[in-house]
Structure formats: C-alpha cells, structure tokens
Amino acid sequence: MSASTETANEPSASTSATRRPIYKTETTGNYWQDVWLAFKRVSIVDDMQRIGEIPCARNSLLSGIASGAGVGVIRALSAGPFVASNWAVGTFVLISMGTWTVCQNNIQAERRKLQRVVEEMPKRFVKQKDQASQADSANGAAESKSSQ
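The sequence shown maps to residues 894 to 1041 in my numbering.
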C-alpha cells in the first residue's frame, strides 16, 4: 500500500511512533474487517511506552500489583507456590480491573458535569443581560416618574 492511498484508520510507518488513540472511527460495515483493522492497530511496544499517558492506567496497575503481591505473599505462607501465584495473579487482575472501572466512571461523571456547565454558561449570560436590561428599564421608568 503506498503512502498516497492510506486511509485515516491506517497510520503510516513514519507516524507509528507518535500515534494517538482514535476514539471515533469509521466502520467498514464488515465486522471481521473491522476487527482485523483494530488488531493491526495494536502495538504492544508503543502501548507500553505510552502507558503513563493512558488515563487511570498507572493507578490501577500499581494498585493491582501491590494487592497481588500482598495476597500472594500471605497465601504463600499457608500454601504452595503454585497456589500462591494463582491467588496473586487473580487478585492483580480483579483489583486492576476494579480500580480501572471506578476511575473511568469518575472521569465520565466529571466530563458530564463539565459538559453541563458549558451548556449552562450561555443561559447564565442571557439571564444576566435580561436582568440588567430589566433593571435599566426599571431605573429609566423610575427616573421619568421622578422628573415629572
């Protein structure tokens, strides 16, 4: 595929180091072709280099690692290493996914609140202008009555 025939969904080799996530993409209409395009976008090396830029990733991974290590050590005191490692990995996965979900829900709630504030802002200015114009007209009417 030449550089001139690339689509927006397929980054070129020169831009693979500076790829940013695409949140809204066009679909081809074919489920398997969409899955294949999504699979081609995954790059483990690039994703691991940018792990700090992914929202909630750092906190959820650190929580999962600490919890998994703690449960693994505690479980190793009473069971064998295989059982302890199973508990450690299971705890890591559960805690990481739980913390990730809570953090993502908090971010979505914050975005909804921000959107609501942005939508209400013009209404506030219109309301203030209406109140100011009503106050001006009331002051003008009071002045005209007092001058008579």
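Beta carbons are placed, not taken as given, at the ideal position from N, Cα and C, and that holds for glycine.
Query                                                                                                                                  : Result
Restricting to Cα atoms, I'd like to know which of Ile-944, Asn-952, Gln-1008, Thr-921 is closest to Gly-991.                          : Asn-952
Can you check which of these residues, Ile-988, Arg-1009, Lys-933, Ala-1025, is closest to Gly-961 by C-alpha distance?                : Ile-988
Mapping the DSSP letters down to three states, classify Asn-923 as helix, strand or coil.                                              : coil
Taking Cβ to Cβ, would you say Gly-957 is nearer than 8 Å to Phe-985?                                                                  : yes
Does the beta-carbon of Trp-925 have 16 or more other beta-carbons within 10 angstroms, so that it is buried, or is it exposed?        : exposed
Can you tell me the Cα-Cα spacing of Ile-967 and Gly-945, whole angstroms?                                                             : 30 Å
If you draw a straight line from the alpha carbon of Thr-921 to that of Val-935, how long is it in whole angstroms?                    : 18 Å
Using the Cβ count rule (16 or more neighbours within 10 Å means buried), how would you classify Ala-1025?                             : exposed
In its own chain, which residues sit with a C-beta less than 6 Å from the C-beta of Cys-996, not counting the 5 before and 5 after it? : Cys-949
How far does the alpha helix (DSSP H) with Arg-968 in it extend, from its first residue to its last?                                   : 950-971
With H, G and I counted as helix, E and B as strand and the rest as coil, what does DSSP make of Ser-978?                              : helix
Determine the direct distance from the alpha carbon of Gln-1001 to that of Glu-1013, and round the result to whole angstroms.          : 18 Å
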